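Participant: All letters in the sequence shown, in the order written, are residues 1 to 233 by the UniProt record's numbering. The beta-carbon is built from N, C-alpha and C at its ideal position, and this holds for glycine as well. Bear in mind the structure is a predicted one, so any value in this text is a computation, not a measurement.
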Amino acid sequence: MNKAVEAAREGNLALFQSIDGLESLLSKVDEDGRSLLHTACTSGSLELVKFIVDRSGKKSSLANTEDDEGWSPLMSAVSSGHEAIVELLLSIGADVEKTNSGGRAALHYAASKGNVPLLRMLMSRGANVNAKDHTGSTPLLRAASAGKVPAVKVLIEEGGARIEEADKLGQTALFVSAESSHNQVALYLASQGANLNVETKDGRSLESVSNSELLQSLISCKGVMQSTDMDEK
1 MNKAVEAARE GNLALFQSID GLESLLSKVD EDGRSLLHTA CTSGSLELVK
51 FIVDRSGKKS SLANTEDDEG WSPLMSAVSS GHEAIVELLL SIGADVEKTN
101 SGGRAALHYA ASKGNVPLLR MLMSRGANVN AKDHTGSTPL LRAASAGKVP
151 AVKVLIEEGG ARIEEADKLG QTALFVSAES SHNQVALYLA SQGANLNVET
201 KDGRSLESVS NSELLQSLIS CKGVMQSTDM DEK
């Protein structure tokens with residue numbers, strides 16, 4: 001098994017094919033519950049992934065196997081940015097709505113990586129743009145907190161993501177982008193109607209987490225914030 005895992009990690013198809021008893025290893029998992037398909041999807045070798053899939057009698061079942069953290073091969077491929085592999089997995093029945101132990105689906109990872117082609121691919125297969133993980137974070141919140149402007153735009157303009165969705169702390173996409181000093185994301189969200197008067201469950205306001213440059217730009221974009229403390233700045 002170790003030799004097969006190493007070959008899969010390296011994306012080395014020739015080495016993989018040379019392993020004795022390979023057929024019996026295809027359904028086995030490593031100490032983290034990861035199958036050889038999981039590892040191959042992370043490596044980015046489309047040829048190796050095809051080789052493994054072609055030798056499986058239950059392709060859809062294989063595509064939806066989970067490791068100990070609930071990760072599917074699709075999540076591994078999306079997180080690693082391997083578009084051709086993602087397309088292949090979707091073609092054999094990979095579930096775009098499957099979530100891992102953190103409650104995240106593949107779209108959450110495409111969003112946080114800012115991978116627009118993968119966002120579009122997953123949305124075209126019915127991925128829920130407003131799905132929340134166990135912290136209440138949506139793909140839009142993850143893209144916004146990572147400063148991925150193109151991804152934020154695609155989620156809203158093409159996917160219909162709800163701008164005012166908040167996580168369990170009451171943080172919206174505008175709030176997390178401002179807190180992380182991702183000014184372009186914050187300004188775009190404001191231009192799309194995001195509420196400037198958002199307040200988190202622990203009482204933090206946009207005003208309290210934004211840098212002065214961003215705050216003034218937001219005010220110019222949306223008008224004076226309705227805050228009793230605004231005139232003191």
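Could you give the residue range of the alpha helix (DSSP H) that holds L37?
Facilitator: Within the sequence shown, residue 37 is the residue found at index 37, counting from 1. Note, L37: alpha helix (DSSP H), 36 to 43.
Participant: Whose CA, out of I92, E69, D133, lies closest to the CA of D32?
Facilitator: To locate residue 32, count along the sequence shown from 1; it is residue 32. When each option's Cα is compared against that of D32, the closest is E69.
Participant: Taking only the alpha-carbon atoms, compute the straight-line gap between N130 and E165 and give it to the nearest angstrom.
Facilitator: Looking up residue 130 in the sequence shown gives position 130. Looking up residue 165 in the sequence shown gives position 165. Rounded to whole angstroms, N130 to E165 spans 8 Å at the Cα level.
Participant: Given this structure, state the Cα-to-Cα distance separating K233 from K201, to the nearest angstrom.
Facilitator: Here the question's residue 233 lines up with position 233 in the sequence shown. Here the question's residue 201 lines up with position 201 in the sequence shown. Annotation note: pLDDT 45 at K233 (below 50); position unreliable, coordinate value reported separately. Taking the straight line joining both Cα atoms gives about 23 Å.
Participant: Use the C-beta contact count for A14: other C-beta atoms within 10 angstroms, 16 or more gives buried, fewer gives exposed.
Facilitator: Walking along the sequence shown from the start, residue 14 turns up at place 14. By the 10 Å Cβ count, A14 comes out exposed.
Participant: For E199, collect the residues of the same chain with a Cβ closer than 6 Å to its Cβ; drop the 5 residues on either side in sequence, then sort them by chain order.
Facilitator: Mapped onto the sequence shown, residue 199 falls at position 199. S205, listed in sequence order.
Participant: Can you give me the C-alpha to C-alpha distance between P117 and E83, rounded to a whole angstrom?
Facilitator: Counting from 1 along the sequence shown, the entry for residue 117 is found at position 117. Counting from 1 along the sequence shown, the entry for residue 83 is found at position 83. Each residue's alpha carbon lies about 8 Å from the other.
Participant: Pick helix, strand or coil for E179, following the three-state DSSP scheme.
Facilitator: Indexing the sequence shown from 1 puts residue 179 at position 179. Correct three-state label for E179: helix.
Participant: In its own chain, which residues sit with a C-beta less than 8 Å from the C-beta of L214, not counting the 5 before and 5 after it?
Facilitator: By 1-based counting over the sequence shown, the position of residue 214 is 214. Excluding sequence neighbours, L214 sits near A178, S181, N183, A186, L187.
Participant: Relative to the alpha-carbon of S91, which residue among H108, F175, V49, A194 has its alpha-carbon at the smallest distance?
Facilitator: Taking the first residue of the sequence shown as position 1, residue 91 is located at position 91. Comparing Cα-Cα distances from S91 to each of H108, F175, V49, A194, the minimum goes to V49.
Participant: Between which two residues does the alpha helix (DSSP H) holding N2 run?
Facilitator: If you number the sequence shown from 1, residue 2 lands on position 2. Note, N2: alpha helix (DSSP H), 2 to 10.
Participant: Identify, in the order they occur along the chain, each residue of the same chain with its Cβ nearer than 7 Å to the Cβ of T42, setting aside the five sequence neighbours on each side.
Facilitator: Here residue 42 refers to the residue found at position 42 of the sequence shown. The answer, listed in chain order, is S76, S80.
Participant: Starting from R142, trace the alpha helix (DSSP H) in both directions and tell me its first and last residue.
Facilitator: Numbered from 1 along the sequence shown, position 142 holds the residue referred to as residue 142. Counting along the chain, the alpha helix (DSSP H) containing R142 begins and ends at 139 to 145.
Participant: Ordered along the chain, which non-local residues of its own chain (more than five positions away) have a Cβ less than 7 Å from that of K153?
Facilitator: The count along the sequence shown starts at 1 and reaches residue 153 at position 153. Contacts found: Y188.
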